[in-house]
Structure formats: structure tokens, C-alpha cells
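Structure, as C-alpha cells:
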Amino acid sequence: MANHFEFNIRVYIEDTDAGGIVYHANHIRYMERTRTEWLRAAGVDHYWRQKDYNFVVHKIDVKYMRPILMDDLITVTARVVSCKAASFVLQQNIYRGEILLASGEVELACLSKEMMPRRLPEEIRDLIRKELEQD
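As C-alpha cells, this is what we get:
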């Protein structure tokens, strides 16, 4: 499998609907947590304290294959698949063991503090370049 970041998440009752299945919007929350931890693990832990730029979801596509259930221990992955001057795309998957439960692709755009598109910061470009070279 291609290089990717993994983050484990336990499913709690607050994540589920009345049928005991994870509510569909929570898949996106799990992917967001994993992207955050990917940045933190890569040493970009100051992102939340700086004010010069921000990442916003420009586009997201999620495919739901199998239900995620109460108390499941899931693994969410993140892998960079492409990069442009002001945005990049991650492929994200959710697994229970080896079973693929959901997959998604998210494009993140970089905005300036004025909320205008801006080039990715050098440290983010370097991180993405390194990730793409490992594929």
C-alpha cells in the first residue's frame, strides 16, 4: 500500500444514530481529526496558533461502503494524492481491521488572513512534496 498516515478512533454512542450506526456526517469528522493529527505528527503543531493562513475544505467526496458501529475501533488514513499552488488533495479511508468501511477525497484550499486564496506555505509544500515522493 502507498505511504499514508493512520489514526485510530473509538466509536462512542454519541457518534451513532438511533439505529446504532455512525451518523453519516461523523465520517467527515473522523477524516478531519485524522488530517489534524497528520499535520501534528509532521511537526506542524503551531498551525492552530498562527493567523497568517487557514485551510478550508474546497471539495469533499465520501463513499459509504459498510456501516461503522458503536464501540468499533476504526483506523482512518490520510494520503496526499496531488498538489497545486494553493491547494492539495488527500485520499482518506476508514477501516475496521482490513475491512474498508468508507473512502473519501478532500481538496483543501489555503486562504490568507483576508480570506483570499494564497500559495501554500513553504513548510506545507515541503511536507506534501515529501509525502508525494514516498509514493
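The opening position of the sequence shown corresponds to residue 1 in UniProt numbering, with each subsequent residue numbered one higher.
For glycine and all other residues, C-beta sits at the position ideal for the given N, C-alpha and C.
| Item | Value |
| --- | --- |
| Hey, residue 60 and residue 106 are a contact pair by Cβ (cut 8 Å); roughly how many whole angstroms apart? | 5 Å |
| Determine the direct distance from the alpha carbon of residue 82 to that of residue 72, and round the result to whole angstroms. | 31 Å |
| Less than 8 Å between the beta carbons of residue 45 and residue 113, yes or no? | no |
| Could you tell me if residue 79 is buried or exposed, where buried requires 16 or more neighbouring beta carbons within 10 angstroms of its beta carbon? | buried |
| Does the distance from the CB of residue 104 to the CB of residue 62 come in under 8 Å? | yes |
| Going by the DSSP bridge assignment, what does residue 77 pair with across the sheet? | 6, 93 |
| Taking the alpha helix (DSSP H) that residue 130 belongs to, which residues open and close that run? | 122-134 |
| Per DSSP, what are the beta-bridge partners of residue 64 in this structure? | 102 |
| Would you kindly work out how many angstroms separate the C-alpha atoms of residue 91 and residue 77, rounded to a whole number? | 8 Å |
| Between residue 54 and the rest of its own chain, which residues show a CB-CB distance below 7 Å, the 5 nearest in sequence each way excluded? | 111 |
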